[in-house]
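Below is one structure; the comments refer to it alone.
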Amino acid sequence: MNILANAIAFQLGWFACVLGGANQMPWLGTLVAAIIVTLHLSRAQWPDRELVLLVAVGLLGAQWDSLLVAAGWLAYPSGTLLTNTAPHWIVAIWVLFASTLNVSLRWLRGRRVLASLAGALAGPLAYYTGAKLGGVIIVEPLFAFTALTIGWAVFMPLFMKLSVYFDGIGTARTTTGARHYA
327 MNILANAIAF QLGWFACVLG GANQMPWLGT LVAAIIVTLH LSRAQWPDRE LVLLVAVGLL
387 GAQWDSLLVA AGWLAYPSGT LLTNTAPHWI VAIWVLFAST LNVSLRWLRG RRVLASLAGA
447 LAGPLAYYTG AKLGGVIIVE PLFAFTALTI GWAVFMPLFM KLSVYFDGIG TARTTTGARH
507 YA
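With the working numbering applied, the sequence shown covers 327 to 508.
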């Protein structure tokens, strides 16, 4: 898979989700994300393994964002199906993000400290940008950004580890079922 195409597809999906959520059209972003994820899986060598990764990250992300909403630190203008939960379009972003783990973010594998630092910086920055675009309201900035920084610092190394075990993109397979690359 093309690394650049994967990164661009994620960014397009991210913007569609955030701008859709900001403009009371949350299903538009979720639809764009679904199309991108479907294309991603159609190009995967082992789509079932890749799908496990995408679902796992999506579920974790849904729980994490729902916790931040329930705490009163974040709020979303549209797309929330149940009170005190993350909107469907932010869950779609988590799944989109997972589609980058075995492609454009593959270089972070085995680099736990770097993955943690990247998460601690890029995760909160994405929420800040989303707030500037109107997709999320940072109700309690100090608590929200502290939680986002710590959360993403922990999530990134975890996600990179999961990406090794549920790699549907790569070609090498070990006896444990994990795929390793040179």
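Beta carbons are placed, not taken as given, at the ideal position from N, Cα and C, and that holds for glycine.
Keep in mind it's a predicted model, so treat the numbers as computed, not measured.
Handout entry: Reference Val-465; option with closest CA among Ala-479, Ala-333 and Tyr-402
Key = Nearest of Ala-479, Ala-333 and Tyr-402 to Val-465, Cα basis: Tyr-402.
Handout entry: Range covered by the alpha helix (DSSP H) that runs through Ala-448
Key = 438-458
Handout entry: 8 Å Cβ cutoff met for Phe-483 and Arg-438
Key = First, the residue type needs correcting, since residue 483 is Pro and not Phe in the sequence shown. With a cutoff of 8 Å on beta-carbon distance, Pro-483 and Arg-438 are scored as near each other.
Exercise for the section: With a 10 Å radius around its C-beta and 16 neighbouring C-beta atoms as the bar for buried, classify Thr-356 as buried or exposed. Expected result: buried
Handout entry: Residue ranges of each beta strand (DSSP E) within the segment 361-398, 3 or longer
Key = none
Problem - Cβ shell of Ser-392 (< 6 Å), same chain only, five flanking positions each side left out - result: If we look at Ser-392 and ignore the five residues flanking it on each side, its Cβ neighbours are Thr-411 and Ala-412.
Handout entry: Three-state secondary structure (DSSP) of Ile-463
Key = strand
Practice task
Inspect the beta-carbon positions of Ala-370 and Ile-419 and report whether they are closer than 8 Å.
Solution key: Contact flag unset, no.
Exercise for the section: Would you mind sorting Thr-406 into buried or exposed? The rule is 16 or more other CB atoms within 10 Å of its CB. Expected result: Classification for Thr-406: buried.
Problem - Close Cβ partners of Val-383 (< 8 Å) along its chain, the five nearest in sequence each way excluded - result: Taken in chain order, the residues that qualify are Trp-420, Val-421, Phe-423, Ala-424, Leu-427, Phe-485 and Leu-488.
Handout entry: Asn-347 vs Gly-449 beta-carbon contact at 8 Å
Key = A small fix is needed here, since residue 347 is Gly in this sequence, not Asn. Contact: no.
Problem - Cα-Cα separation between Leu-443 and Leu-386, rounded to whole angstroms - result: 20 Å
Problem - Reduced DSSP secondary structure (H/G/I, E/B, other) of Ala-424 - result: helix
Practice task
Would you give the residue range spanned by the alpha helix (DSSP H) that Leu-330 belongs to?
Solution key: 329-348 is the extent of the alpha helix (DSSP H) around Leu-330.
Problem - Own chain partners of Ala-396 with C-beta closer than 7 Å, once the 5 adjacent residues on each side are dropped - result: Asn-410
Handout entry: Same chain only: Cβ atoms within 7 Å of Leu-522, ignoring 5 sequence neighbours per side
Key = This structure cannot settle anything about residue 522, because the visible part of the chain is limited to 327 through 508.
Handout entry: As assigned by DSSP and simplified to three states, the class of Ala-412
Key = In this structure, Ala-412 counts as coil in the three-state DSSP scheme.
Practice task
Can you tell me which of the three DSSP states Leu-484 falls into?
Solution key: helix
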